[in-house]
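Visitor:
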Amino acid sequence: MPNKYSFAEKKRIRNSFEKISSVMDFPDILEVQTNSYKEFLQSHLSPDERQKQGLHGVFHSIFPIISVSGNAKIEYLGYELDEPEFDVSECIARGTTYESTMRIICRFLSWIKLLERKF
């Protein structure tokens with residue numbers, strides 16, 4: 041009777057001595073990464089509804105930025121993500137990255153002290 045397996049396939053045959061056939065199902069790793077990225081961006085929420093975690097939390101930890109003299113301050117209000125210019129298949133065909141523009145909404149406050157001049 042001829043062998044069903046080639047020489048290379050015979051080397052790959054593995055015997056399983058496990059008592060439990062399957063401990064758990066492995067999650068879809070790509071789905072885990074995309075869900076984590078969506079939680080990081082919180083792009084499905086409006087800027088007012090976002091929690092202080094992910095990218096929104098990073099911006100809150102950096103801002104406000106105050107000038108050395110204390111006369112100016114930049115406050116972070118939120119960010120917006122534009123829709124990507126091209127879809128995934130177009131980006132692959134063009135050899136470009138699948139990207140979208142992020143706009144940060146800030147408020148600039150300035151306190152300029154007026155000097156009194158005597159004439």
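Take the sequence shown: its letters are residues 41 to 159, numbered as in the numbering used here.
Glycine included, each C-beta is placed from N, C-alpha and C at the ideal position.
Just so you know, these numbers come straight off a predicted model, no measurement behind them.
Which same chain residues, not among the five before or five after PRO124, have their C-beta less than 7 Å away from its C-beta?
Guide: Cβ within range, chain order: TYR138, GLU139 and SER140.
Visitor: Residue range of the alpha helix (DSSP H) that LEU23 falls in?
Guide: With the chain represented from 41 up to 159, any question about residue 23 goes unanswered, as that position is not in the structure.
Visitor: Please report the straight-line C-alpha distance between LEU85 and LYS78, rounded to a whole angstrom.
Guide: Near 10 Å, if we compare the C-alpha coordinates of LYS78 and LEU85.
Visitor: Check the C-beta distance from ILE152 over to LEU117 and give it rounded, since I have them as a contact under 8 Å.
Guide: Not a contact, Cβ separation roughly 22 Å.
Visitor: What is the DSSP secondary structure of LEU121, reduced to helix, strand or coil?
Guide: Here LEU121 sits in strand by DSSP.
Visitor: If we ignore side chains and look at the alpha-carbon of each, how far apart do ALA133 and ASP122 end up?
Guide: Roughly 21 Å separates the two Cα atoms.
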